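Colleague: Structure incoming, see below.
2 protein chains.
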Amino acid sequence: MFHMLDIAILGLLMDRDHHGYEIRTQVRDRLAVSSNISFGSIYPALNRLERQGFVAAVVANEPRGNALSTGSLSGERASLRALRATQGLGRRSRKVYRITPRGREEFVSLLADPATLDDSRNFSLRMALAKYLTPSLRVTLLERRRTDLMKRLAEMQTGARNEQLDTYARSVMAHAAKGVELDLEWIDTLLSTERSNQQTFAPEAK
Amino acid sequence: MFHMLDIAILGLLMDRDHHGYEIRTQVRDRLAVSSNISFGSIYPALNRLERQGFVAAVVANEPRGNALSTGSLSGERASLRALRATQGLGRRSRKVYRITPRGREEFVSLLADPATLDDSRNFSLRMALAKYLTPSLRVTLLERRRTDLMKRLAEMQTGARNEQLDTYARSVMAHAAKGVELDLEWIDTLLSTERSNQQTFAPEAK
DNA sequence: GAAACATCATATCAAATCGATATATCGAAC
DNA sequence: GTTCGATATATCGATTTGATATGATGTTTC
């Protein structure tokens with residue numbers, strides 16, 4: 137229903153065209169997903185999205201006159217590679233995908249979806265794409281996440297105090313609890329930023 | 137090959153017998169896995185493990201004279217439920233699984249496996265079961281994880297400084313980096329504990 | 001006291017995802 | 001000069017997920 141990979145792919149395509157292999161690296165480098173998603177996920181997902189009319193294959197191995205280069209820049213000797221890439225030379229032929237108008241609609245509705253509470257991976261992905269959300273939707277999402285985390289924190293802290301567990305299991309619990317605390321601090325920072333921005337543009341009080 | 141769910145199930149069964157539903161709750165409460173694994177994973181996994189001879193179904197709805205109760209104790213009014221459970225009454229009939237000698241062998245070899253670097257979820261699971269590892273294997277595992285995290289930290293920090301990213305994406309990156317830092321602190325604490333223990337029992341220096 | 005709802009418990013299905021592998025080109029290293 | 005690593009797409013089987021079915025029993029509420 138709410139496939140996170142779809143959100144990631146569409147989110148990246150909102151910005152500019154990408155081919156499959158590039159999406160894989162970008163998910164890691166721009167969307168902060170710690171493990172590379174597998175090719176067995178990415179290519180079927182692109183086919184699915186194409187079938188549904190949310191993306192369209194633009195060209196294979198396009199000559200690309202636009203100066204957007206190939207992606208993972210910030211490389212030391214990226215200039216040479218970029219030169220080749222702009223000429224469409226080298227490598228196996230690429231299948232470049234572009235998001236369709238319907239895809240853009242689908243993306244924002246997926247991103248804002250009111251369903252399912254998300255785990256930390258999903259939530260991070262959503263936040264990495266939060267610029268496409270309205271301020272009020274951002275706040276809603278953040279508050280929902282905050283509630284989930286508060287509940288989870290209590291569970292973890294209880295677990296960390298469970299004397300039936302051995303040292304290692306308790307240590308894992310305690311560490312997990314600290315992770316949740318860190319998440320909560322982050323959420324609160326983001327929430328206060330959202331609120332001060334809201335106040336700037338739409339002053340309610342006074 | 138190195139199915140994490142198998143490790144979790146066998147790890148729980150090392151301690152005592154469990155039925156499927158109970159394993160699900162225990163993975164959360166004792167092994168600190170934050171989201172409940174689905175039934176579509178747990179029951180097929182148990183069948184698979186049974187087929188391979190690593191676990192055996194002991195009884196369905198056993199009268200259970202042992203006082204081990206039903207699991208998630210620490211409940212407020214657990215006494216009543218425990219009473220019923222000890223009598224084998226109530227609920228749909230349970231299929232209780234027990235680990236076999238071959239299963240125990242498989243478990244330790246899976247837990248100690250030298251292959252695949254694990255993500256944070258996998259690593260936490262391993263650590264929650266670390267009491268079944270030898271001290272030197274624990275140190276090996278911890279050091280390997282430490283190396284991975286150092287690498288990951290550098291990537292995240294680079295990402296957080298990437299000015300091509302918008303505020304939200306950068307914030308996610310920075311937060312992820314903090315998470316990795318927290319993980320590293322934890323690893324280092326565990327490592328120093330391991331080393332001081334090692335010194336206590338097998339003094340090398342002097 | 002019965003109707004409604006939550007919890008316990010196993011099971012199965014389609015769809016999604018993963019890990020591995022195949023294939024091929026190119027640049028770099030040795 | 002050839003092995004290695006990165007780029008690039010594709011597919012396969014096995015695993016995992018999310019949803020749903022089924023049913024018993026315990027708890028709450030009117």
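Protein sequence lines correspond, in order, to chains A and B.
Position 123 (the first sequence) corresponds to 259 in my numbering; numbering is contiguous.
Position 75 (the second sequence) corresponds to 211 in my numbering; numbering is contiguous.
All residues carry an ideal CB built from backbone N, CA and C; glycine is no exception.
None of the values given here were measured: they were computed from a predicted structure.
(1) Please list, in chain order, all residues of the same chain as N333 of chain A whose beta carbon is under 8 Å from its beta carbon, the five residues on each side excluded.
(2) Taking only runs that begin and end inside the region 247–333 of chain B, name each unbroken alpha helix (DSSP H) of 4 or more residues, in chain order.
(3) If I measure Cβ to Cβ from Y179 of chain A and keep anything under 8 Å in the same chain, skipping five residues before and after, which residues do I get?
(4) Counting only the same chain and skipping the five closest in sequence on each side, list residues whose C-beta sits under 8 Å from that of V191 of chain B.
(5) Leaving out five residues before and five after R331 of chain B in sequence, what residues of the same chain have Cβ atoms less than 8 Å from its Cβ?
(6) For A144 of chain B, which of helix, strand or coil comes out of DSSP?
(7) Got a sec? Which residues, its chain only, sit under 6 Å from F259 of chain B by beta carbon, not counting five neighbours each side?
(8) What is the rounded straight-line gap between the Cα of V163 of chain A and the Cα of V194 of chain B?
(9) What does the alpha-carbon distance come out to for the pair L265 of chain B and H139 of chain A?
(10) Which first and last residues belong to the beta strand (DSSP E) in which I235 of chain A is found?
(11) Would you report the Cα separation of R152 of chain B and S256 of chain A, rounded to the nearest angstrom?
(12) Between B:F175, B:R166, B:E317, which lies nearest to L351 of chain B when the distance is taken from Cα to Cα?
(13) Residues of chain A with CB under 7 Å from M309 of chain B, in chain order?
(14) Any contact between the region 307–326 of chain A and the region 286–294 of chain A? By contact I mean 3 or more CB pairs, one from each, below 8 Å.
(15) Does DSSP put A181 of chain B in a helix, in a strand, or in coil?
(16) Per the DSSP calculation, M191 of chain B is bridged to which residue(s)?
(17) Hey, would you say D324 of chain A sits closer than 7 Å to L285 of chain A, going by beta carbons?
(18) Would you say T206 of chain A lies against chain B (beta-carbon separation less than 7 Å)?
(19) In angstroms, rounded to a whole number, what distance separates the CA positions of F243 of chain A and M263 of chain A?
(20) Given this structure, state the Cα-to-Cα distance separating T161 of chain B from Q300 of chain A, to the nearest angstrom.
(21) Where D249 of chain B and T303 of chain B are concerned, what is the direct C-alpha to C-alpha distance, given to the nearest angstrom?
(22) With 16 other CB atoms within 10 Å as the buried threshold, where does G315 of chain A fall?
(23) Using only the alpha-carbon positions, how far apart do A305 of chain B and E321 of chain A sit?
(24) Taking M263 of chain B as the query, report the chain A residues whose CB atoms sit under 9 Å from its CB, ordered along the chain.
(25) Applying a beta-carbon distance threshold of less than 9 Å, which residues of chain B neighbour D284 of chain A?
(26) Which of the three DSSP states, helix, strand or coil, is assigned to L204 of chain B?
(27) What number of angstroms, rounded off, separates the C-alpha of L269 of chain A from the C-alpha of L278 of chain A?
(28) Among B:H154, B:D254, B:I173, B:S171, which one has its Cα closest to the Cα of K231 of chain B?
(29) Would you kindly work out how many angstroms separate the C-alpha atoms of D254 of chain B and N298 of chain A, rounded to a whole number?
(30) In terms of residue numbering, what span does the alpha helix (DSSP H) encompassing D165 of chain A cover?
(31) Is R288 of chain B buried or exposed, if buried means 16 or more other CB atoms sit within 10 Å of its CB?
(32) Using a Cβ-Cβ cut-off of 8 Å (strictly less than) and excluding sequence neighbours within five positions of L327 of chain A, which residues of its own chain qualify?
(33) Indicate the three-state DSSP secondary structure (helix, strand or coil) for R240 of chain B in the structure shown.
(34) Consult DSSP for D153 of chain A and reduce its assignment to one of helix, strand or coil.
(35) If the cut is a Cβ gap below 8 Å, which residues of chain A does L301 of chain B touch?
Modeller: In terms of the structure at hand:
(1) For N333 of chain A, where only same-chain residues beyond five positions count, the Cβ hits under 8 Å are P271.
(2) Counting only runs of 4 or more residues that sit fully inside the region 247–333 of chain B, the alpha helix (DSSP H) segments are 256–264, 271–297, in chain order.
(3) Cβ neighbours of Y179 of chain A beyond the five flanking positions: G156.
(4) So the list reads I145, L146, L149, L182, L185, Y233, R234, I235, T236, G239, once near-sequence residues are dropped.
(5) If we look at R331 of chain B and ignore the five residues flanking it on each side, its Cβ neighbours are V275.
(6) The answer is helix: DSSP assigns A144 of chain B an H, G or I state.
(7) Residues R281 of the same chain have their beta carbon placed closer than 6 Å to that of F259 of chain B, with the five preceding and five following residues left out of the count.
(8) Cα-Cα distance, rounded: 46 Å.
(9) Near 32 Å, if we compare the C-alpha coordinates of H139 of chain A and L265 of chain B.
(10) Per DSSP, I235 of chain A is one residue of the beta strand (DSSP E) stretching across 231–235.
(11) For R152 of chain B and S256 of chain A, the distance between alpha carbons rounds to 31 Å.
(12) Within the shown structure, residues of chain B are numbered from 137 to 342, placing residue 351 of chain B beyond reach of any answer.
(13) In chain order: A168.
(14) By the criterion of at least three beta-carbon pairs nearer than 8 Å, the region 307–326 of chain A is in contact with the region 286–294 of chain A.
(15) In the structure shown, A181 of chain B sits in a helix (DSSP, three-state: H, G or I).
(16) For the record, residue 191 of chain B in the displayed sequence is Val; it is not Met. According to DSSP, V191 of chain B bridges with B:I235.
(17) Their beta carbons are not under 7 Å apart, which means D324 of chain A does not touch L285 of chain A by this criterion.
(18) Any reading at T206 of chain A is ruled out, since the residue's pLDDT is 39, under 50, leaving its predicted position unreliable.
(19) The straight-line gap from Cα to Cα measures roughly 14 Å.
(20) Distance between T161 of chain B and Q300 of chain A, taken at the CA atoms: about 15 Å.
(21) Near 40 Å, if we compare the C-alpha coordinates of T303 of chain B and D249 of chain B.
(22) By the neighbour-count criterion, in which a residue is buried when 16 or more other Cβ atoms sit within 10 angstroms of its Cβ, G315 of chain A is buried.
(23) Cα atoms of A305 of chain B and E321 of chain A: separation of roughly 17 Å, rounded to the nearest angstrom.
(24) Those are Y304, A305, S307, V308, H311, listed as they occur along chain A.
(25) Those do not exist, as D284 of chain A stays about 10 Å from chain B at its closest Cβ, beyond 9 Å.
(26) Residue placement at L204 of chain B is poorly supported in this model, since its pLDDT is 37, which falls under 50; the coordinates still yield a value, given next. Coil at L204 of chain B, not helix or strand.
(27) L278 of chain A has its alpha-carbon roughly 12 Å from the corresponding atom of L269 of chain A.
(28) The candidate whose alpha carbon is nearest that of K231 of chain B is B:H154.
(29) Distance from the CA of D254 of chain B to the CA of N298 of chain A, rounded to the nearest whole angstrom, comes to 26 Å.
(30) Where D165 of chain A is concerned, the enclosing alpha helix (DSSP H) starts and stops at 156–165.
(31) R288 of chain B should be labelled buried.
(32) Within the same chain, L327 of chain A has close Cβ partners V275, L278, E279, R282.
(33) Helix, per DSSP.
(34) When DSSP states are grouped into helix, strand and coil, D153 of chain A belongs to the coil group.
(35) By Cβ distance, chain A contributes R166.
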